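Colleague:
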Amino acid sequence: DQQVKQNSPSLSVQEGRISILNCDYTNSMFDYFLWYKKYPAEGPTFLISISSIKDKNEDGRFTVFLNKSAKHLSLHIVPSQPGDSAVYFCAAFGAGGTSYGKLTFGQGTILTVHP
Amino acid sequence: GAGVSQTPSNKVTEKGKYVELRCDPISGHTALYWYRQSLGQGPEFLIYFQGTGAADDSGLPNDRFFAVRPEGSVSTLKIQRTERGDSAVYLCASSLSGQIAGELFFGEGSRLTVL
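Chains Y and U supply the protein sequences, listed in that same order.
Here this note's numbering is used: the first residue of the first sequence is 129, the next is one more, and so on.
Here this note's numbering is used: the first residue of the second sequence is 9, the next is one more, and so on.
Okay, structure coming up:
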């Protein structure tokens, strides 16, 4: 049972344009959501997060939007740069969990930004 | 070192053998996590240590998997009687306390191949 789903395995975008990565979840107990970025042969690195009490969080070129009623979140990257090319993972944490580090991850989306 | 260190980076073994994977977390981080990432999937939680004790081992798939952290720093993930399905990248992560979202720092992973 995949509780966090990233239905697009890959996304290709031109440099300077917007990248939109999507994520859906099924568990209504999730109340904190994160995005991680992963380069080949490296571990995932934290990018941005959002609490369920908000619907938007912005950090520089990165903005995460949360639609609780639709159980959907998205990551917007504007403008996209070639260095953003990586695998992006959506992750979620639920209330009552033992630690914020016990995350449920999606399958990942490979973003390629072309110069 | 400055980051989470995992050894070996690659391990090839035969079905039925015993394997140990080591994780050296960031100095001062009390929380340590093991995740497993299979091909085409996101990381999957295995176990969480707070100090020396396993605070949550609900992700360990079966009793062939065991992890220790005897002195509250280095951790070893042990897999007995390996099976081909155990082949994956095993990721270790650490954080300062386990109570602040997004502060998870991942190592580069140990790629295990069971022939």
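Backbone N, C-alpha and C fix where the C-beta goes; we use that ideal spot for every residue, glycine too.
Because the structure is a prediction, the values reported are computed rather than measured.
Buried or exposed: THR121(U), going by 16 or more other Cβ atoms within 10 Å of its Cβ?
Modeller: That one is exposed.
Colleague: Can you look up GLY236(Y) in the DSSP assignment and give me helix, strand or coil?
Modeller: Residue state, collapsed to three classes: coil.
Colleague: In terms of residue numbering, what span does the beta strand (DSSP E) encompassing LEU40(U) cover?
Modeller: 39-45 is the span of the beta strand (DSSP E), which, as asked, contains LEU40(U).
Colleague: By how many angstroms is the C-alpha of GLY115(U) removed from the C-alpha of ASP212(Y)?
Modeller: Rounded to whole angstroms, ASP212(Y) to GLY115(U) spans 20 Å at the Cα level.
Colleague: Going by alpha carbons, who is nearest to LEU29(U) out of ARG77(U), GLY50(U), GLY93(U), LEU112(U)?
Modeller: Ranking ARG77(U), GLY50(U), GLY93(U), LEU112(U) by Cα distance to LEU29(U) puts ARG77(U) first.
Colleague: With a CB to CB cut of under 7 Å and the five nearest residues on each side skipped, what residues in its chain are close to ASN18(U)?
Modeller: Once the five neighbours on either side are set aside, the close Cβ partners of ASN18(U) are ARG119.
Colleague: So, does the region 81-92 of chain U touch the region 142-161 of chain Y, judging by three or more C-beta pairs under 8 Å?
Modeller: Flag = no, the region 81-92 of chain U and the region 142-161 of chain Y do not touch.
Colleague: Can you have a look at VAL132(Y) and say buried or exposed, based on whether 16 or more other CB atoms are within 10 angstroms of its CB?
Modeller: Buried, since its Cβ has 16 or more Cβ neighbours within 10 Å.
Colleague: Can you pull out the residues from the region 168-192 of chain Y whose beta carbon lies closer than 9 Å to at least one beta carbon of chain U?
Modeller: Correct list: ALA169, GLU170, GLY171, PRO172, THR173, PHE174, LEU175, ILE176, SER177, SER179.
Colleague: Counting only C-beta atoms, is LEU139(Y) closer than 9 Å to chain U at any point?
Modeller: No - not a single Cβ of chain U is within 9 Å of the one on LEU139(Y).
Colleague: To the nearest angstrom, how far is the alpha carbon of TYR228(Y) from that of ASP65(U)?
Modeller: About 15 Å.
Colleague: Which same chain residues, not among the five before or five after SER180(Y), have their C-beta less than 8 Å away from its C-beta?
Modeller: Correct list, in chain order: PHE158, ASP159, TYR160, PHE161, LEU194, LYS196.
Colleague: Classify ILE108(U): buried if its beta carbon has 16 or more other beta carbons within 10 angstroms, exposed otherwise.
Modeller: Label assigned to ILE108(U): exposed.
Colleague: At what residues does the beta strand (DSSP E) containing ILE55(U) begin and finish?
Modeller: Residues 52-58.
Colleague: Decide if SER102(U) is buried, meaning its Cβ has at least 16 other Cβ atoms within 10 Å, or exposed.
Modeller: With 16 or more other Cβ atoms within 10 Å, it is buried.
Colleague: Taking the alpha carbon of GLY117(U) as the reference point, which residue from GLN134(Y), SER136(Y), ASN150(Y), PRO168(Y) has its own alpha carbon closest?
Modeller: Nearest of GLN134(Y), SER136(Y), ASN150(Y), PRO168(Y) to GLY117(U), Cα basis: PRO168(Y).
Colleague: Pull up the distance between the alpha-carbon of GLN58(U) and that of VAL192(Y), whole angstroms please.
Modeller: In a straight line, the C-alpha of GLN58(U) is about 30 Å away from that of VAL192(Y).
Colleague: Check the Cβ-Cβ distances between TYR26(U) and every residue of chain Y, and say whether any is below 9 Å.
Modeller: Cβ-Cβ to chain Y under 9 Å: no for TYR26(U).
Colleague: Cβ closer than 9 Å: which chain U residues qualify as neighbours of TYR233(Y)?
Modeller: One detail in the question is off: residue 233(Y) reads as Phe in this sequence, not Tyr. In chain order: TYR43, GLN45, GLN49, GLY50, PRO51, GLU52, PHE53.
Colleague: For VAL82(U), which residues does DSSP report across the bridge?
Modeller: Answer is none; VAL82(U) lacks a bridge partner.
Colleague: List, in chain order, every chain Y residue whose beta-carbon is nearer than 7 Å to that of ILE135(U).
Modeller: Examination of residue 135(U) is not possible in this model, given that chain U is present from 9 through 123 alone.
Colleague: What residues in the region 64-82 of chain U bring their beta carbon closer than 7 Å to a beta carbon of chain Y?
Modeller: So the list reads ASP64, given in the order they occur along the chain.
Colleague: Give the interface partners of PHE221(Y) over in chain U, defined as CB-CB distance under 8 Å, in chain order.
Modeller: ALA109, listed in chain order.
Colleague: Give every residue of the same chain whose Cβ lies closer than 8 Å to the Cβ of TYR26(U), excluding the five residues on either side of it in the sequence, and list them in chain order.
Modeller: Result list for TYR26(U): LYS86, ILE87, GLN88, ARG89, THR90, in chain order.
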